[in-house]
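Residue numbers (the numbering used here): 580 to 900.
Reading through the structure tokens given below for one structure.
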């Protein structure tokens, strides 16, 4: 039932992820989902951005930023705020936010869902994509270029590594998810897609765990991906596997072989990046631009936002469609 299930994403700090969050919602609606779409937006997101989000989301809910100082920046400026994403747990049947859901798919705003995402609601929770090392997700040649050839069934190195142990939908052994405790370089369960059963009990569990000095030290002094590795460790033994084809990084091996794409590095909307004109011609970026252009046609009032108008100009000036 629609009232029981929702897709959830979040926009925080500023309007920087607005294009991603909008295209995420548009792609889900283009796929004819009947689930609710919810966006959690912090107070630092502009009123104009929130109004744009309301065009595509059923609910845009204001939440406060949760700042917890991380000593491992890794070149990212948002790590102090990553605990904010756990506020999705407040959307459960017992929750204290304005709407309540039994099942959530929590998606990063840099995800592009292509097909079959509604089926993920039927997986046991929690569920996510195990991706302990980036190299488990894609194969490179000697020069560092992606090897895009796959097995006859469309599978690749990730499947060789994880499928014998935990195929799609199966339980992930705690022996895998416990590794983050002793290896801070282990990414654990990728946060791009989490299938959760939200509740205030789970919400309280997060903060109770962080009162343990040993956990606090791991999360804020050693973990480069604090919220991702904390969730991996805290729910170790309960996780279930989502196939990487729902969130493969960089459109690897090819977009047409995937259910979803995770733009984990450079974002298709980052016009200030010198690298964008080069990567904008890659198939995964062009696909994102196709959805973006279709969204502007369906919701022309979005062109009133300068950042979206400039992005449209970049796409057509570069003949990317």
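Where is the CB? At the ideal position from N, CA and C, for every residue including glycine.
When the five nearest sequence neighbours on each side are left out, the beta carbons in the same chain lying within less than 6 Å of the beta carbon of residue 750 are those of 819, in order along the chain. Straight across, the Cα-Cα distance linking residue 723 with residue 867 is about 24 Å.
Spanning the alpha carbons of residue 817 and residue 772 requires a straight line of approximately 16 Å. Counting along the chain, the unbroken alpha helix (DSSP H) around residue 738 starts and ends at 736 to 741.
With fewer than 16 other Cβ atoms inside 10 Å of its own Cβ, residue 862 counts as exposed. When 590, 635, 594, 599 are compared, the shortest CA-CA separation from residue 880 is found for 635. Looking from the CA of residue 719, the closest CA among 735, 731, 795 belongs to 735.
For residue 690, the enclosing beta strand (DSSP E) stretches over residues 690 to 692. Going by C-alpha positions, residue 610 is about 7 Å away from residue 693. The straight-line gap separating the alpha-carbon atoms of residue 593 and residue 625 is approximately 7 Å. In the three-state scheme derived from DSSP, where H, G and I count as helix and E and B as strand, residue 642 is classed as strand. A straight-line Cα-Cα distance of about 16 Å links residue 601 and residue 585.
In this structure, DSSP gives residue 869 a helical state, which the three-state scheme calls helix. Beta-bridge analysis with DSSP links residue 802 to no other residue.
Within the DSSP secondary-structure output, residue 773 pairs in a beta bridge with 685, 707.
In this structure, the straight-line span from the alpha carbon of residue 678 to that of residue 670 is close to 6 Å. DSSP, reduced to helix, strand and coil, places residue 615 within a strand of the structure shown. If the five residues before and after residue 648 are omitted, its C-beta is found closer than 8 Å to the C-beta atoms of 659, 799, all from its own chain and listed in chain order.
Contact between the stretch 773 to 785 and the stretch 678 to 687 is present: 3 or more CB-CB pairs across the two stretches fall below 8 Å.
Membership of residue 599 in the alpha helix (DSSP H) is indicated by the continuous run 597 to 609. Excluding residues up to 5 positions away in sequence, 680, 681, 682 lie with their Cβ nearer than 8 Å to the Cβ of residue 583 in the same chain. Beta-bridge pairing by DSSP links residue 841 to 690, 828. Within the model, the alpha-carbon separation for residue 631 versus residue 621 is close to 15 Å. Selection 590, 886, 607 evaluated against residue 640 yields 590 as nearest (Cα-Cα).
Per DSSP, reduced to three states, the secondary structure at residue 876 is helical. Between the alpha carbons of residue 839 and residue 851 lies a gap of roughly 25 Å. Residue burial is scored here from C-beta neighbours: residue 739 has fewer than 16 other C-beta atoms within 10 angstroms and is therefore classed as exposed. Between residue 587 and residue 619, the beta carbon gap of about 7 Å places them in contact (Cβ cut-off 8 Å). Excluding residues up to 5 positions away in sequence, 748, 774, 819 lie with their Cβ nearer than 6 Å to the Cβ of residue 702 in the same chain. A buried status is given to residue 612, since no fewer than 16 other beta-carbon atoms sit within 10 Å of its beta-carbon. Across the set 767, 700, 737, 788, the C-alpha of 737 shows the shortest separation from the C-alpha of residue 827. By the criterion of a C-beta distance shorter than 6 Å, residue 629 is surrounded in its chain by 620, 639, once the five residues flanking it on both sides are discounted. If you look at residue 663, you'll find it isn't in any alpha helix (DSSP H); DSSP assigns it neither H nor E.
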